[in-house]
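A.B. asks: Right, I'll just put the structure down here and ask away after.
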Amino acid sequence: MDILCVGAGLSGAVTGRALAEAGHRVTVIEARDHVAGNCHTERDPETGVMVHVYGPHIFHTDDPGVWDYVTRFAAFRPYKNRVKTTVGGAVYSLPVNLHTINQFFGRTMRPDEARAFIEEKADTTIADPQSFEEQALRFVGPELYEAFFKGYTEKQWGCSPRDLPAAILKRLPLRFNYDDDYFAHRFQAMPEAGYTAMVAAILDHPGIDVHLATPFTEDHAARADHVIWTGPLDAYFDHRLGRLGYRTLDFERFTARGDWQGCAVMNYGDREVPQTRITEHKHFAPWEVHAGTVCYRETSRACEPGDTPYYPIRLVEEKSMLSDYVALAEGTRGVTFLGRLGTYRYLDMDVTIREALDASETLVSAFEAGAPAPVFPHPPL
Ligand SMILES: Cc1cc2nc3c(=O)[nH]c(=O)nc-3n(C[C@H](O)[C@H](O)[C@H](O)COP(=O)(O)OP(=O)(O)OC[C@H]3O[C@@H](n4cnc5c(N)ncnc54)[C@H](O)[C@@H]3O)c2cc1C
0 MDILCVGAGL SGAVTGRALA EAGHRVTVIE ARDHVAGNCH TERDPETGVM
50 VHVYGPHIFH TDDPGVWDYV TRFAAFRPYK NRVKTTVGGA VYSLPVNLHT
100 INQFFGRTMR PDEARAFIEE KADTTIADPQ SFEEQALRFV GPELYEAFFK
150 GYTEKQWGCS PRDLPAAILK RLPLRFNYDD DYFAHRFQAM PEAGYTAMVA
200 AILDHPGIDV HLATPFTEDH AARADHVIWT GPLDAYFDHR LGRLGYRTLD
250 FERFTARGDW QGCAVMNYGD REVPQTRITE HKHFAPWEVH AGTVCYRETS
300 RACEPGDTPY YPIRLVEEKS MLSDYVALAE GTRGVTFLGR LGTYRYLDMD
350 VTIREALDAS ETLVSAFEAG APAPVFPHPP L
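The following block contains the structure:
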């Protein structure tokens with residue numbers, strides 16, 4: 000069959016590859032002038048540092064199948080994400096761990112002592128936390144909430160933590176040991192030559208044609224037997240039911256000599272400091288040596304038409320519009336929606352790859368059986 004993949008991010012590339020390997024002819028069209036979607040990396044022209052153009056990306060997974068898959072296409076180097084935060088004029092370790100707690104309260108507590116200390120601070124009158132704020136007050140108490148969660152969340156989501164669901168904050172977002180590894184996954188690594196080289200290798204198959212700087216038009220669809228849509232779900236329908244809300248990010252680039260902040264990611268928890276974080280990209284490739292350094296100062300705001308959509312908001316209003324789009328999509332034929340934009344969900348890279356691999360298997364079986372292909376192999380709701 001002639002398959003059209005709209006989008007050359009991980010979803011489009013992994014699905015396109017699997018369908019080409021199954022013998023289908025695949026055309027991938029990509030609106031941007033590069034592959035890899037939001038994982039795109041490129042060398043900064045001034046410093047030579049590999050930059051994560053759409054924000055920092057650390058690969059981490061517990062899925063051995065996904066790990067085998069990515070290491071087929073790229074050499075990876077071990078990489079642990081160790082994030083710091085600047086709050087109230089001091090630098091702390093994240094996620095909030097025993098070091099953070101001891102430093103913040105000026106104590107030298109052992110794990111059990113710290114646990115008992117935090118339990119005393121927790122607001123146990125909140126029996127069933129409904130909002131992010133209630134969840135935080137219930138499990139971490141007011142001081143840690145104000146310092147490490149409140150300001151950052153307000154800046155990131157543009158609203159009060161009172162208006163966000165409790166589920167956003169994990170049950171107990173604290174560690175009572177000195178483990179500052181941001182992720183708990185078995186495989187954590189960075190592709191040595193960047194993500195874009197990896198995605199280019201995935202797309203490098205005789206059955207795949209890639210067209211960059213080529214936004215989707217109806218003509219493309221008319222020439223295909225089936226469309227894999229990895230762009231925004233609402234954009235497929237020309238936003239006819241309204242625009243699904245996203246947060247977008249702005250990156251202000253600056254350069255310096257040597258080492259500017261001493262780590263890859265420095266968060267800023269204070270509400271008055273406009274940025275949510277600063278990323279110093281050279282620290283993502285500690286095996287490389289560069290005299291210069293390049294940093295991105297990151298701020299978050301509501302996504303307007305023409306902006307890059309980053310984080311789906313998925314509050315009550317958006318979910319209601321999403322369910323209308325899902326109903327509309329389910330009435331269509333010849334198109335399958337995949338990926339973070341196609342299903343309006345935040346997906347880590349490993350989950351994106353797993354879903355694309357599983358969806359491809361379903362699609363190949365459906366095509367072989369002459370059965371209708373699923374519209375949503377992974378339901379957005
Ligand atoms: C700030 C940020 C940080 C992240 N950090 C991490 C991390 O550390 N670790 C991790 O595992 N994951 C991380 N992620 C998640 C990661 O970015 C996603 O898992 C991944 O990008 C999803 O790939 P995708 O192909 O579904 O979507 P995308 O990468 O968005 O690809 C979709 C592509 O479709 C193209 N497109 C859209 N519409 C059209 C059209 N009409 N015509 C043609 N092309 C079109 C777009 O240009 C884009 O290239 C992060 C995400 C964000 C937002």
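First residue of the sequence shown: 0, per numbering that gives the first Met the number 0; consecutive thereafter.
Glycine included, each C-beta is placed from N, C-alpha and C at the ideal position.
Bear in mind that the values here come from a model prediction, so they are computed numbers and not experimental data.
1) Determine contact between the region 244-255 and the region 60-68, defined as no fewer than three beta-carbon pairs at a distance below 8 Å.
2) Could you please give the first and the last residue of the uninterrupted alpha helix (DSSP H) stretch that includes H33?
3) Can you grab the Cα-Cα spacing for the pair A265 / T216, in whole Å?
4) Short check: CB of L340 to CB of G230, under 7 Å?
5) Is A35 closer than 7 Å to Y295 when the C-beta atoms are compared?
6) With the cut-off set at 7 Å, would you say G324 and L380 are in Cβ contact?
7) Which residue from I57, R344, L327 and I125 puts its Cα closest to that of H184?
8) Taking only the alpha-carbon atoms, compute the straight-line gap between T99 and R174 and give it to the nearest angstrom.
9) Buried or exposed for F131, please, with buried defined as at least 16 other CB atoms from any protein chain shown within 10 angstroms of its CB.
10) Since K83 is in the beta strand (DSSP E), which residue starts that stretch and which ends it?
11) Can you tell which of I207, P77 and A200 has the C-alpha that lies nearest to the C-alpha of G28?
12) State buried or exposed for F253, treating a residue as buried only when at least 16 other CB atoms are found within 10 Å of its CB.
13) With a threshold of 6 Å (Cβ to nearest heavy atom), would E29 be considered close to ligand 1?
14) Counting only the same chain and skipping the five closest in sequence on each side, list residues whose C-beta sits under 6 Å from that of W228.
15) Can you tell me whether I352 sits near ligand 2, meaning its C-beta is under 6 Å from at least one heavy atom of the ligand?
16) Where E316 and Y267 are concerned, what is the direct C-alpha to C-alpha distance, given to the nearest angstrom?
17) Do L202 and A19 have their C-beta atoms within less than 7 Å of each other?
18) So the alpha helix (DSSP H) D357 belongs to, where does it begin and stop?
19) Less than 6 Å between the CB of H184 and some heavy atom of ligand 1, yes or no?
20) Going straight from the alpha carbon of R344 to that of P311, what length do you get?
21) Please give the ranges of any alpha helix (DSSP H) in the region 131-181, keeping only runs that are unbroken, at least 4 residues long and fully inside the region.
22) Quick one: residues in its chain with C-beta nearer than 6 Å to the C-beta of Y181, no 5 flanking neighbours on either side, listed in chain order?
23) Between which two residues does the beta strand (DSSP E) harbouring I125 extend?
C.D. replies: By the coordinates alone:
1) no
2) It is not in any alpha helix (DSSP H) - H33 carries neither H nor E in the DSSP assignment.
3) This sequence places Met at residue 265; Ala is not what is there. Computed Cα separation, rounded: 41 Å.
4) yes
5) no
6) The identity of residue 324 in the sequence shown is Tyr, whereas the question assumes Gly. No, the Cβ-Cβ distance between Y324 and L380 is not below 7 Å.
7) I57
8) 9 Å
9) buried
10) K83 to V86
11) In the sequence as presented, Gly is not what sits at residue 28; that position holds Ile. Answer by Cα proximity: I207.
12) exposed
13) yes
14) V5, Y235, V334, F336 and G341
15) Although ligand 2 was asked about, the structure shown includes only ligand 1 as ligands.
16) 29 Å
17) no
18) M348 to A368
19) no
20) 6 Å
21) 131-138, 140-143 and 150-156
22) N80 and V82
23) No beta strand (DSSP E) contains I125, which DSSP labels as neither H nor E.
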